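**Q**
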Amino acid sequence: MFNFARKDTEFFDLFVENAKFFHLGAVMLDALIKDPNKSLEHIEEILGLESSADEVNEKIINKLNLSFITPIDREDIYAIAGELGNGIDMLQGALQRIIMYHAGHSTRRSPDLTKLLVDGTNELVKAFKLLSDVKTNQREILDAVHKVADYESKGDLIYRAEIGILFDEAVEAAKEHGASRAVIHLIKWKDILEDVEEALDHTKKVSDMIRGVVMKYA
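So for the sequence shown, my numbering puts the first residue at 172; every next one is plus one.
Now the structure itself:
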C-alpha cells in the first residue's frame with residue numbers, strides 16, 4: 172500500500188543524507204573527546220558540517236514547495252528536516268566548544284557518552300534508509316527506534332553520574348590547586364557534557380518522529 176515509487180523517494184534520500192551528517196558530527200565529536208589534540212586536523216570538516224547540512228535542508232524545502240503530492244504529510248517532512256538540522260547544529264556547537272575551550276583531557280566516562288551518540292545516530296541512518304518502504308520494513312525501523320531510546324536512556328544515567336563526579340573532583344582539585352583552576356575545568360566540561368547529552372536526547376526526539384511516520388503509514 173505505502174511502498175513508495177522510486178520517483179517519490181527523493182525526500183527519504185535527503186533525510187538519509189542529513190542523518191549521515193548527524194552521524195558524521197557524532198563520530199568527529201567522539202574522536203575529539205578521546206583526543207582533543209586532533210581538533211586542528213578536523214577544523215575544516217567541523218566548519219563545513221553545518222553548511223553541508225543546510226544545503227540538504229534547502230533541497231528538501233525547495234522540493235516540498237514544488238511538490239503537489241508528497242509521500243508523507245508535508246508537516247512531517249518539514250518537522251523531520253528541521254529536527255535533523257537542529258541535531259547537526261547541536262553537534263557543531265559541541266565540537267566548536269571543545270576547540271574554543273582548549274578542553275584538554277576528557278572526564279572519565281565522556282567517551283562512553285559519545286559512543287552512545289555515535290551508535291544512536293547510526294541507528295537513525297539505518298531507519299531513514301528503510302523509511303521509503305515503511306510497510307515492508309516496519310519491524311526493522313522500529314528496532315532501530317528502540318535502540319535509539321535505549322542509548323538515550325543509558326546516556327542519561329552516565330551524564331548524571333559524570334556531572335556528580337565532576338563536581339566532586341572540582342572540590343578536591345580546589346584544595347590542591349586553588350579554586351580558580353578547578354572552577355574553570357568544571358565549567359568547561361559541564362558545558363561539553365551538557366552539549367553531548369542534549370544531542371543524545373535529540374536522537375530520541377528524531378527517532379520518535381520516525382516512529383510517528385511508521386504508525387501513520389505502515
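Note that beta-carbon positions come from the ideal geometry of N, C-alpha and C, so glycine has one too.
Note that the structure is predicted; figures quoted are calculated from it, not measured.
1) Please confirm whether A224 and I259 have their CB atoms less than 8 Å apart.
2) Among residues of its own chain, excluding the 5 on either side of Q309, which ones have a beta-carbon nearer than 7 Å to its beta-carbon?
3) With the cut-off set at 8 Å, would you say S281 and E333 are in Cβ contact?
4) Can you give me the C-alpha to C-alpha distance between K325 and D372, rounded to a whole angstrom?
5) Is the number of C-beta pairs between the segment 218-232 and the segment 286-298 that are closer than 8 Å three or more?
6) Can you list, in chain order, the residues of its chain whose CB lies under 7 Å from that of L337, leaving out five sequence neighbours each side?
7) Rounded to whole angstroms, what is the Cα-Cα separation between D283 and I355?
8) Assign A370 to one of three DSSP states: helix, strand, or coil.
9) Shorter than 8 Å from the beta carbon of E221 to some beta carbon of chain C?
10) Measuring straight from C-alpha to C-alpha, what distance separates F186 and Q263?
11) Could you check which residue in H273, E340, A341 has the C-alpha nearest to that of I363?
12) Would you mind sorting S303 into buried or exposed? The rule is 16 or more other CB atoms within 10 Å of its CB.
13) Helix, strand or coil: how does DSSP classify I334 here?
14) Taking the beta carbon of T307 as the centre, do at least 16 other beta carbons fall within 10 Å, making it buried, or is it exposed?
15) Once the 5 residues before and after T180 are set aside, which same chain residues still bring their CB inside 6 Å of it?
16) Apart from the five residues just before and just after D379, which ones in its own chain have a Cβ nearer than 6 Å to its Cβ?
17) Using the Cβ count rule (16 or more neighbours within 10 Å means buried), how would you classify E221?
18) Under 8 Å, do T374 and E323 count as touching if we go by C-beta distance?
19) CB-CB under 8 Å to E369, same chain, minus the five flanking residues each way: which ones, in chain order?
**A** Per the coordinate set shown:
1) Position 53 of the sequence shown, counted from the start, is the residue given in the question as residue 224. Position 88 of the sequence shown, counted from the start, is the residue given in the question as residue 259. Contact flag set, yes.
2) In the sequence shown, counting from the first residue as 1, residue 309 sits at position 138. If we look at Q309 and ignore the five residues flanking it on each side, its Cβ neighbours are V385, A389.
3) The residue you call residue 281 lines up with position 110 of the sequence shown. The residue you call residue 333 lines up with position 162 of the sequence shown. Going by C-beta atoms, S281 is nearer than 8 Å to E333.
4) The sequence position of residue 325 within the sequence shown is 154, counting from 1. The sequence position of residue 372 within the sequence shown is 201, counting from 1. Approximately 11 Å, taken between the alpha carbons.
5) no
6) Mapped onto the sequence shown, residue 337 falls at position 166. Within the same chain, L337 has close Cβ partners T278, L357, W360, K361.
7) Looking up residue 283 in the sequence shown gives position 112. Looking up residue 355 in the sequence shown gives position 184. In a straight line, the C-alpha of D283 is about 23 Å away from that of I355.
8) To locate residue 370, count along the sequence shown from 1; it is residue 199. A370: helix per DSSP, three-state reduction.
9) Absent from the structure is chain C; it holds one protein chain and no more.
10) For this step, residue 186 is matched to residue 15 along the sequence shown. For this step, residue 263 is matched to residue 92 along the sequence shown. C-alpha separation (whole angstroms): 18 Å.
11) Reading the sequence shown from its first residue, position 192 is the one you call residue 363. Nearest option by C-alpha distance: H273.
12) If you number the sequence shown from 1, residue 303 lands on position 132. When all chains shown are included, S303 counts as buried.
13) Within the sequence shown, numbered from 1, the residue matching residue 334 stands at position 163. If DSSP states are grouped into helix, strand and coil, I334 belongs with the helices.
14) Here the question's residue 307 lines up with position 136 in the sequence shown. Exposed is the call here.
15) Walking along the sequence shown from the start, residue 180 turns up at place 9. Closer than 6 Å at Cβ, skipping near neighbours: S303.
16) Here residue 379 corresponds to residue number 208 of the sequence shown, with the count starting at 1. Excluding positions up to five away in sequence, the list is empty.
17) The residue you call residue 221 lines up with position 50 of the sequence shown. Buried is the call here.
18) Position 203 of the sequence shown, counting from 1, holds the residue named residue 374. Position 152 of the sequence shown, counting from 1, holds the residue named residue 323. Yes.
19) Counted from its first residue, the sequence shown places residue 369 at position 198. Once the five neighbours on either side are set aside, the close Cβ partners of E369 are M261.
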